[in-house]
Structures are given as structure tokens and as C-alpha cells.
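Per this note's numbering, the very first residue in the sequence shown carries number 2; after that it's consecutive.
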Amino acid sequence: MAEELVPVLSRSEIADTVKSLAQRISKDYSGKDLCVIGVLNGVFVFLADLVRELTVSVRVDFIRLASYDSGNVSSGNIRATKEIELDIKDRDVLVIEDIVDSGLTVDFLLRYLEQFQPKSVKVCAFIDKTERREVEVPVDYVGHVVEEGFLVGYGLDYDQRYRELPEIYHLKP
Ligand code: 5GP
Ligand code: MG
2 MAEELVPVLS RSEIADTVKS LAQRISKDYS GKDLCVIGVL NGVFVFLADL VRELTVSVRV
62 DFIRLASYDS GNVSSGNIRA TKEIELDIKD RDVLVIEDIV DSGLTVDFLL RYLEQFQPKS
122 VKVCAFIDKT ERREVEVPVD YVGHVVEEGF LVGYGLDYDQ RYRELPEIYH LKP
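Okay, here's the thing in C-alpha cells:
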């Protein structure tokens, strides 16, 4: 059976959200030494858009994580398969995520980053998906709250497809 893509966020809604997030972040980090750390792969489109709207200068790095279980539901058995390379000691760090779902990834990241003794760590997620939250995690900058459903587009994949779509869709099986 064919998958159905139901539109959730248009290009212009996404662009407006990115601008307002960038304004808040630029204001909060003005005069600071900001490092943004994107969580691969899904974040590559959002991060590219976001940093180009910032009015503060930043350093950019990425981390890639893998969970020991496959599938869409995070298991909590998370490890870094690509470590950060930037020196974040005594620097202000902003973790950039495409979606926070169960919260397990962000929970892992906050503990992982602590070992490098950053000055501060905050979290920015383009989408905060609330329905399946398992761990309470702080998400300091939220683009959109979406209750439920599986989203694709704007970097988000299903089986490595749909990342290139400029809009966000609900994928209906
Ligand atoms: P968490 O650990 O918060 O459950 O997982 C977050 C990660 O799961 C996201 O970074 C993303 O890779 C993946 N994920 C969660 N919900 C969705 C979704 O609706 N669509 C896609 N494509 N990935 C999702
Ligand atoms: Mg992700």
C-alpha cells in the first residue's frame, strides 16, 4: 500500500519559525561564545537554516548517535558513533535537534556533554513531540509542538527517504 504524505508545516511557516527562534537565540547569546552542536542526520537542514538567521557568531559541530535497537522508538541504549570534535570547555553550548520525542536522546546528550565541562548547555528543537515523552528533559527553544504522528521532510526521514522535502508532512502508512 502506498504511503500518504499529509502536509503539517509549509515552507513559509517553517521559515517564520526559524527566524523567530534565531532572534531569541541571538538575543540570549549576544556577547557570548556560542557553540551549536547538531544531532545528525535529521538536523542538517534545520541547522543550516538556523545558523544563517543568527546575528551572533557561532562555532558549529555535529554528533551522531546510534541506539542499539533499530526502529523509530528510542531504546535508551544510546552511544555516540561520531563524537564532537570542538573544544566546548567553558563555552556556551546549544544542542540542536530536529525532534524531541521520548526525550531519551536529549537526556543522553546532556549527560554526555557534561564530561567536557561546558559553561552552559541548552537545547533547541525544531519540533517538540509530546505524546511519547518518557523522560522529562529541558527544551529551551521549541519551534513547534506536535502532539503525535510520524513526521518526514525538512531533514526528517523514513528509512532514509523524504529528507529533501522542504515542507514537513505526517507520514500515514
Ligand atoms: P527521542 O530520543 O527523543 O525519542 O528521539 C528523537 C529522535 O527520534 C529524533 O532526533 C529523530 O531522529 C527520531 N524521531 C522521533 N520522532 C520522529 C518523527 O516523527 N519522524 C522522524 N523522521 N524521526 C523521528
Ligand atoms: Mg535526530
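For glycine and all other residues, C-beta sits at the position ideal for the given N, C-alpha and C. Quick caveat: nothing in here was measured; it's all calculated off a predicted structure.
Original post:
Mind checking whether the beta-carbon of K20 lies closer than 7 Å to any heavy atom of the ligand 5GP?
Top reply: K20: no, Cβ never under 7 Å from the ligand 5GP.
**OP:** Round the Cβ separation of I100 and A126 to the nearest angstrom and send it over; I've been treating them as touching at under 8 Å.
**Re:** Contact holds; Cβ gap of about 6 Å.
Subject >> Any non-hydrogen atom of the ligand 5GP closer than 7 Å to T131 Cβ >> reply: Checking every heavy atom of the ligand 5GP against the Cβ of T131, none is found closer than 7 Å.
Original post:
In chain order, what residues of the same chain lie with their CB nearer than 7 Å to the CB of P139, ignoring the 5 residues before and after it?
Top reply: Cβ within range, chain order: V124.
**OP:** With DSSP as the reference, please indicate the residues paired to L152 in a beta bridge.
**Re:** H171.
**OP:** Indicate whether A35 and L95 have their beta-carbon atoms separated by less than 8 Å.
**Re:** Here the sequence assigns Leu to residue 35, which means Ala is not the residue at that position. Closer than 8 Å, so yes.
Original post:
Going along the chain, which residues of its own chain have a beta-carbon closer than 8 Å to the beta-carbon of E4, five neighbours each way excluded?
Top reply: So the qualifying residues of the chain are Y159, L172, K173, P174.
**OP:** Determine the extent of the beta strand (DSSP E) in which I26 is found, giving its start and end residues.
**Re:** Unbroken run through I26 is the alpha helix (DSSP H), 12 to 29; no beta strand (DSSP E).
Subject >> Whether Q116 touches K90 by CB criterion (8 Å) >> reply: K90 is positioned such that its CB atom lies no closer than 8 Å to that of Q116.
Original post:
Going along the chain, which unbroken runs of the alpha helix (DSSP H) with 4 or more residues stay wholly within the segment 39 to 108?
Top reply: Qualifying alpha helix (DSSP H) stretches, in chain order: 45 to 54.
Original post:
Under 7 Å from any heavy atom of the ligand 5GP, does the C-beta of E98 make it?
Top reply: At least one heavy atom of the ligand 5GP lies less than 7 Å from the C-beta of E98.
Subject >> Which listed residue (Q24, L114, A49) has its alpha carbon closest to that of D93 >> reply: Between D93 and the set Q24, L114, A49, the nearest pair of CA atoms involves L114.
Original post:
Is there at least one non-hydrogen atom of the ligand NAD closer than 7 Å to the beta-carbon of F151?
Top reply: As far as ligands go, the structure on display features the ligand 5GP and the ligand MG and does not contain the ligand NAD.
Original post:
Between Y30 and the ligand 5GP, is the CB less than 7 Å from at least one heavy atom?
Top reply: False, no ligand heavy atom lies under 7 Å from that Cβ.
Original post:
Would you call K83 buried or exposed, if buried means 16 or more other Cβ atoms sit within 10 Å of its Cβ?
Top reply: With fewer than 16 Cβ atoms within 10 Å of its Cβ, K83 is classed as exposed.
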